[in-house]
Amino acid sequence: TEIREPRLDMLSSPLVRLLEAADDELRDEIVAALRGYGDNVLRCLMPALRSAAALPPAARPRNGLDVVARDCGERLGAIIARPPRDEDDWSIEWTGCGCNLCDALGTFLGSRPRRVFEWPLATDGRRHVHTQIDSAELPVRHQTRRQGRPYTLVLTKTGELFTREQEARHKAETDLAWLTSAWE
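Under my numbering, the first residue of the sequence shown carries the number 167, and numbering increases by one thereafter.
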């Protein structure tokens, strides 16, 4: 996130310029491609819409951005409409590299009631799991209990899972309110 979000934000201005310069066919292709991405693309699209909204109305690349604005509105509305996470739902959606370790980690993460997983793993396995958790920025604390052989990797899902979801809902509400006022 700390790398991806600033880079997506930096792409927003070139995206606006690209939509300005594109003919109708290319603009339609670009907009269709953007629709194919998950909700993470909002981190690029919302800054693009904000920068375009600051332009004089005649300078806005309306055709493409109107469609992008509608798509963002639908995405934000869907985020807001999701029911809040149940207090006992500790499941985390995640897919790893497809190896056996990632499959086992995915099973633990996907479990609604399970919060702690004590996993005897050799050094290379622990390193791989640590890397997967850190690179995906999963709300999971990972510690190694250094007794016995192999050492035990203790994974614990954290309350940040709920905090992130609440923050995402709040951001979606704020963004949708702005979008509705700026893009009608």
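Idealized CB from N, CA, C, for every residue including glycine.
| Going by DSSP, which residues form a beta bridge with F283? | Reading the sequence shown from its first residue, position 117 is the one you call residue 283. Its beta-bridge partners are L321.
| said: Let's test the definition: count the other Cβ atoms within 10 Å of the Cβ of R293 and tell me whether it reaches 16, buried, or not, exposed. | reply: For this step, residue 293 is matched to residue 127 along the sequence shown. With fewer than 16 other Cβ atoms within 10 Å, it is exposed.
| task | With a cut-off of 8 Å on the beta carbons, I'd call I245 and A334 a contact; round off their distance for me. | result | For this step, residue 245 is matched to residue 79 along the sequence shown. For this step, residue 334 is matched to residue 168 along the sequence shown. With 8 Å as the limit, I245 and A334 qualify as a contact, their Cβ atoms being about 6 Å apart.
| request: Apply the 10 Å Cβ neighbour rule to Q298 and answer buried if 16 or more other Cβ atoms are within range, or exposed otherwise. | output: Position 132 of the sequence shown, counted from the first residue, corresponds to residue 298. It is buried - the Cβ of Q298 has at least 16 other Cβ atoms within 10 Å.
| query | Going straight from the alpha carbon of A235 to that of F328, what length do you get? | reply | Along the sequence shown, read from residue 1 onward, the residue named residue 235 stands at position 69. Along the sequence shown, read from residue 1 onward, the residue named residue 328 stands at position 162. Distance between the alpha carbons of A235 and F328: 28 Å.
| field | Distance CB(P286)-CB(W256) smaller than 9 Å | value | Within the sequence shown, numbered from 1, the residue matching residue 286 stands at position 120. Within the sequence shown, numbered from 1, the residue matching residue 256 stands at position 90. No, the Cβ-Cβ distance between P286 and W256 is not below 9 Å.
| said: For R311 and R330, I'd like the C-alpha separation in whole angstroms. | reply: On the sequence shown, position 145 is the one that residue 311 refers to. On the sequence shown, position 164 is the one that residue 330 refers to. Those two C-alpha atoms are separated by around 28 Å.
| task | Starting from T310, follow its DSSP beta bridges and name the residues at the other end. | result | Numbered from 1 along the sequence shown, position 144 holds the residue referred to as residue 310. Beta-bridge pairing links T310 to L319.
| query | Which residue's Cα is closest to the Cα of N206: E171, A219, D252? | reply | Along the sequence shown, one-based indexing puts residue 206 at 40. The option with the nearest alpha carbon to N206 is E171.
| Counting along the chain, where does the alpha helix (DSSP H) carrying D190 start and finish? | Here the question's residue 190 lines up with position 24 in the sequence shown. Where D190 is concerned, the enclosing alpha helix (DSSP H) stretches over 190 to 201.
| CA-to-CA distance, A220 to S178, given in whole angstroms | The count along the sequence shown starts at 1 and reaches residue 178 at position 12. The count along the sequence shown starts at 1 and reaches residue 220 at position 54. Straight-line Cα distance between these residues: approximately 13 Å.
| Considering only C-alpha positions, which residue in the set A247, T322, Q332, K337 is nearest to S277? | The residue given as residue 277 occupies position 111 in the sequence shown. Checking every option, the nearest Cα to that of S277 belongs to T322.
| Contact belief for R193 with L185 at Cβ below 8 Å, rounded distance in angstroms | Looking up residue 193 in the sequence shown gives position 27. Looking up residue 185 in the sequence shown gives position 19. Indeed they touch by this definition, with Cβ atoms about 6 Å apart.
| message | Please report the distance separating the alpha-carbon of A247 from that of T273. | response | Against the sequence shown, residue 247 aligns to sequence position 81. Against the sequence shown, residue 273 aligns to sequence position 107. Roughly 27 Å separates the two Cα atoms.
| Since D175 contacts L242 with CB under 8 Å, what's their CB separation in whole angstroms? | As a working mapping, residue 175 is identified with position 9 in the sequence shown. As a working mapping, residue 242 is identified with position 76 in the sequence shown. At roughly 17 Å, the Cβ-Cβ gap does not stay under 8 Å, so D175 and L242 are not in contact.
| query | Looking at L200 and D237, is the spacing between their C-beta atoms short of 9 Å? | reply | Within the sequence shown, numbered from 1, the residue matching residue 237 stands at position 71. Within the sequence shown, numbered from 1, the residue matching residue 200 stands at position 34. Contact flag set, yes.
| said: Buried or exposed for A343, going by 16 or more other Cβ atoms inside 10 Å? | reply: Within the sequence shown, residue 343 is the residue found at index 177, counting from 1. When all chains shown are included, A343 counts as exposed.
| field | Environment of G230 [buried if 16+ CB atoms lie within 10 Å] | value | The residue you call residue 230 lines up with position 64 of the sequence shown. By the neighbour-count rule (16 or more Cβ atoms within 10 Å), G230 is buried.
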